[in-house]
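Data block below; observations after.
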Amino acid sequence: MLVGLAVSAAVGCAQVIGADWDGYARREGGGDSTGGMVGTGGNAGAAGAQGDGGSGGGASSTAVSGGGGEGGEGGCAACKAGEFCTASETCVRCADRVGVLSFGAPMPIEVEGSKPAFPRVREEPGEGEGAATQRLVYVASFGSSDAQIATATGRPWTAGEVVASAAVNSPQPESGPLLLPVDALSPRAEFPQGSLLFDRLLAGPGNLPLLFVADQLEASQAETFDALNLDAGSHSVAVAHGVQPYRYWFMNKHQDGGESTSRLLTMLADDVEAQELDIVLPGDCPAQGDDLAPWVTPDGSVLFFQAPYDARGDCAHASVLRSFYVRLGADGLPLSGEKAKMLLANLAPEIAVMTPSLSPDECTLYVASDLDRVDRTQRLYAASRR
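The letter at position 249 of the sequence shown is residue 277 when you use my numbering, and the numbering goes up by one with no holes.
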C-alpha cells in the first residue's frame, strides 16, 4: 500500500515543477533537506543521528542539483548542466557521489491520475538538431480503473496521459514501470533498444505478480520476464544498465510452508540463483515490506528504495513509508557495515516519501509523497541536489 499518513510540512517554494525550473533551482537559505530528524524516546536519537545533519542552503544556481566529489571554481554562475552548486559556491558533478547525497525542498509535479507513484525518468531526443527532452513514466489510477502506466514529457512537464497500449495496460493493475535508456539493449534479444519493464498483478488464485518486458512504451508486444519471475512471483524491478551483463534488483514473493514473505533480491542477467539483500535502516530496523520499490544508479553502486519506518525505532509497528539509499558492492549487496541513509529526512516523520529515483543526470530526486498539508493528496515531487 503506497499511501502513507499525511500531516503538515513546510515545503519551501510554492511553484509547480515545470513552470520555471531554472527559477526553482535558484534556491537560497534554509536547512539541508537531509538534516537529521529529531527523535524522542527509544531509538529515536539514533534514528535522528542518521539523518545526515545538513548544512545551510546553497547559493543560487541554474544547474539542477548535485553530490560529492571534486568541483570547479568560479561560483554558482559557472555551473553547467549536470552540475550542482554547493554552499561554498563550488560546482560539483551530480554523478560524483562521494559523501552524503543531499537534496533541497521537494516541489510538486502536477500530472493526471490519482495517487501517482513510481516516477521514473529517461532522456529522449527532442525536436530539432541536438535537442533533448525528458520522459516521465509513472503509475496512477484513472477514474474507476486500477493502477495503470502513464507518461508525461518535459520539462516543463505535460499533464500526462495513460499509455495507449493493450500490451502495457490491461484490465489488471500494472506497476513499477521502468523505461531503459533509448540506446540500452533489451533483456529480450528480439526486442529493440529502450524496452519498458513493468509488472502486472494477474487475476486468479493468489493474485500472482509477474514482471514483463515490452518492446517499447506504446508496445505491440509484452512478454513475461521469466528469468526474474521466481518462486511465487516478482515485481518492481531495477536495472544497472551501465554494466555488462545487466544486474537486476526486484521484489519477490517467497512461499514456505504455506506462508508468503516478500524479499528484495539481486542477480546478474545470466545468474542461476538470486541473492537476498539485508539492509539496515537508521535506528537499526531491517528494511522490509511488501514492496521496497528499488531503483538503482546505472553502475549499480547506489540503491534507492522505500521501507516502512518509525522514528522511535519501533521496527515491529513501523507503518509510514520513507525513502532511503544505500551503497552497494559489485555483488549487488550493501557494503559491509553500510547502513541506509534517509532521503528528505527533515520532513515530519509521519509524512510518506515513496518510490524514489534519480533523473538521468542524477541531479534531481523524484518521489511520491503526501506531504501537502492542505488536502493530503498523494503527488509526485522533484527535489534538487545540493
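Here a beta-carbon is modelled for each residue, glycine too, at the ideal position from N, C-alpha and C.
Own chain residues within Cβ distance below 7 Å of residue i, not counting five before or after
i      : result
VAL436 : Lying before the first or after the last residue shown, residue 436 is absent from the chain, which here runs from 29 to 414.
PRO388 : VAL149, ARG150, GLU151
LEU331 : TRP277, PRO322, VAL324, TYR353, VAL354, LEU356
ALA346 : CYS313, PRO336, TYR337, ASP338
VAL271 : ASP327, GLY328
SER212 : Residue 212 is actually Ala in this sequence, not Ser. These residues qualify, in order along the chain: GLN221, GLY222, HIS269.
Buried or exposed by the 16-neighbour rule on C-beta atoms within 10 Å, applied to residue i
i      : result
LYS281 : buried
PRO273 : exposed
ASP359 : exposed
GLY95  : Unreliable placement is indicated for GLY95, whose pLDDT of 39 sits below 50; the coordinate value is still reported in the next sentence. Answer is buried; the Cβ neighbour count reaches 16.
ASN235 : exposed
VAL165 : buried
GLU218 : exposed
GLY21  : The chain is shown from 29 up to 414; residue 21 falls before or after that span and cannot be answered.
ALA344 : exposed
VAL173 : Note that residue 173 corresponds to Ser in the displayed sequence, not to Val. So SER173 counts as exposed.
VAL139 : buried
VAL126 : exposed
GLY69  : Because the pLDDT at GLY69 is just 35, under 50, the model does not fix this residue reliably, and the value given afterwards should be weighed accordingly. Burial call: exposed.
VAL300 : exposed
SER385 : buried
VAL381 : buried
9 Å Cβ cutoff met for residue i and residue j
i      : j      : result
PRO322 : ALA396 : no
LEU296 : LEU361 : no
GLN406 : ALA145 : yes
LYS369 : VAL348 : no
LEU375 : PHE352 : no
GLY171 : THR161 : no
PRO147 : TYR394 : yes
LEU320 : LEU292 : yes
ARG275 : GLY204 : no
ALA195 : SER262 : no
ALA268 : THR325 : yes
PRO184 : LEU408 : no
ASP227 : SER264 : yes
LEU230 : LEU239 : no
6 Å Cβ shell around residue i - same chain, five flanking residues per side excluded
i      : result
VAL92  : Its pLDDT being 36, under 50, VAL92 is placed unreliably in this model, and the coordinates cannot settle the point.
ALA315 : ILE307, LEU309, ALA335
Beta-ladder partner(s) of residue i, from DSSP
i      : result
ASN280 : SER262, ARG291
LEU229 : PRO237
GLU202 : ARG228
LYS369 : TYR353
VAL165 : ARG148, THR179
SER397 : VAL381, ARG407
ALA160 : PRO153
GLU304 : LEU293
Terminal residues of the beta strand (DSSP E) in which residue i lies
i      : result
ALA297 : Careful: ALA297 lies outside any beta strand (DSSP E) and carries neither H nor E.
TYR337 : 330-337
GLY182 : 176-182
LEU408 : 407-412
ARG340 : No beta strand (DSSP E) contains ARG340, which DSSP labels as neither H nor E.
LYS143 : 142-153
SER385 : 381-386
CYS391 : Element bounds for CYS391: n/a, residue is neither H nor E.
VAL120 : 119-121
GLU111 : 111-113
THR252 : 250-252
ILE137 : 135-137
Contacting residues, own chain, Cβ-Cβ under 8 Å from residue i (five flanking each side not counted)
i      : result
GLY317 : SER290, GLN334, ALA335, PRO336, LEU349
SER214 : LEU208, PRO220, GLN221, GLY222, SER223, VAL241, ASP243
GLU98  : Because GLU98 carries a pLDDT of 48, less than 50, the predicted location of this residue cannot be relied on, and the following value inherits that uncertainty. Result list for GLU98: VAL120, ASP124, in chain order.
ASP259 : ASN280, LYS281, HIS282, GLN283
ALA189 : Checking the sequence, you will find Glu at residue 189 rather than Ala. Within the same chain, GLU189 has close Cβ partners GLU140, ALA178, THR179, ALA180.
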